[in-house]
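For the sequence shown, my numbering assigns the number 384 to the initial residue and increments by one for each residue that follows. Written out below as C-alpha cells is the structure these notes cover.
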Amino acid sequence: MYSQGVSGTSIDDVIDASGTGKSLVYGHFRDKSELVEAVVEAQIERVLGEQGRFLEDLRTMRGLERWRDSVVVSVRGPRGAHGCPIGSLASELADRSETARGNIEQAFALWEQWFRAGLERMQQSGELRQDADVDELAVGLMAAVQGGYR
C-alpha cells in the first residue's frame, strides 16, 4: 500500500506480498477497509516510534539536528522512496475513511506537539531565542518534514 497506494493495492496483492493464504488474511480482516485501518495504525506506530526517540525529550539544537539526520537517513533508504508513510496515507485516505483520517490527524497533532514542547524547552534553557514563536516554528517543522519527504 505504501509503494502502490491504497487504491492500487488489492487484498490479493497483500496475500502475495506476505506469503500468507486468503483464509489467514480474512481471519484477521473482514474486508479491505479493515486491512487499511490496520496498515494506517501500524505506519503511525512505526513512524512515531522512530520520531519519538528523538523528539519526546528534545532539549537542544544538537538534538534537533540528530532528529533531522535520522529523517534524512530514512528518506535515503527504500522506505523514503514514496514520501512520508503517514503523509502518503493521509493524502489518499483523508476524504475516504473517517477512521483513518482521525488516526492520522491525531498522529500529526502528537508529532507537532513534540516539536512545540521541545522548542519550549529549548527556549527555557536559552538554546532558542525568547522571542521565537514556538507554535509557528512547530508548524513550520511539520510542513518542512512533510515537504522534505517528497
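Cβ coordinates follow ideal geometry from the N, Cα and C atoms, glycine included.
Handout entry: For THR482, the first and last residue of its enclosing alpha helix (DSSP H)
Key = 481 to 508
Problem - Test item: CB-CB of LEU418 and ILE394 under 8 angstroms - result: yes
Practice task
Quick one: residues in its chain with C-beta nearer than 6 angstroms to the C-beta of MET384, no 5 flanking neighbours on either side, listed in chain order?
Solution key: THR392 and VAL422
Exercise for the section: Using three-state DSSP, classify TYR385 as helix, strand or coil. Expected result: coil
Problem - Close Cβ partners of ARG449 (< 8 angstroms) along its chain, the five nearest in sequence each way excluded - result: PHE437
Handout entry: Supposed close pair LEU493, VAL517 - CB separation, criterion 8 angstroms
Key = 16 angstroms between Cβ atoms; not a contact.
Problem - Same chain, Cβ closer than 8 angstroms to ARG442, five either side skipped, listed in chain order - result: GLY501, ARG504, MET505, SER508 and GLU510
Handout entry: Through-space distance from LEU472 to GLU515, alpha-carbon basis
Key = For the record, residue 515 in the displayed sequence is Ala; it is not Glu. Spanning the two alpha carbons is a distance of roughly 32 angstroms.
Handout entry: Reduced DSSP secondary structure (H/G/I, E/B, other) of ASP478
Key = coil
Problem - Exposure label - GLN489; buried when at least 16 CB within 10 Å - result: exposed
Exercise for the section: Inspect the beta-carbon positions of VAL408 and ILE398 and report whether they are closer than 8 angstroms. Expected result: yes
Handout entry: Exposure of GLY485, with buried meaning 16 or more beta-carbon neighbours within 10 Å
Key = exposed
Practice task
May I ask which residues mark the beginning and end of the alpha helix (DSSP H) holding PHE437?
Solution key: 415 to 438
Handout entry: Alpha-carbon spacing of GLN496 relative to GLY435, whole angstroms
Key = 11 angstroms
Handout entry: Under the three-state DSSP convention, the category GLY530 falls into
Key = helix
Practice task
Report all residues from its chain with a CB closer than 7 angstroms to the CB of GLN513; omit the five preceding and five following residues, and keep chain order.
Solution key: GLN506
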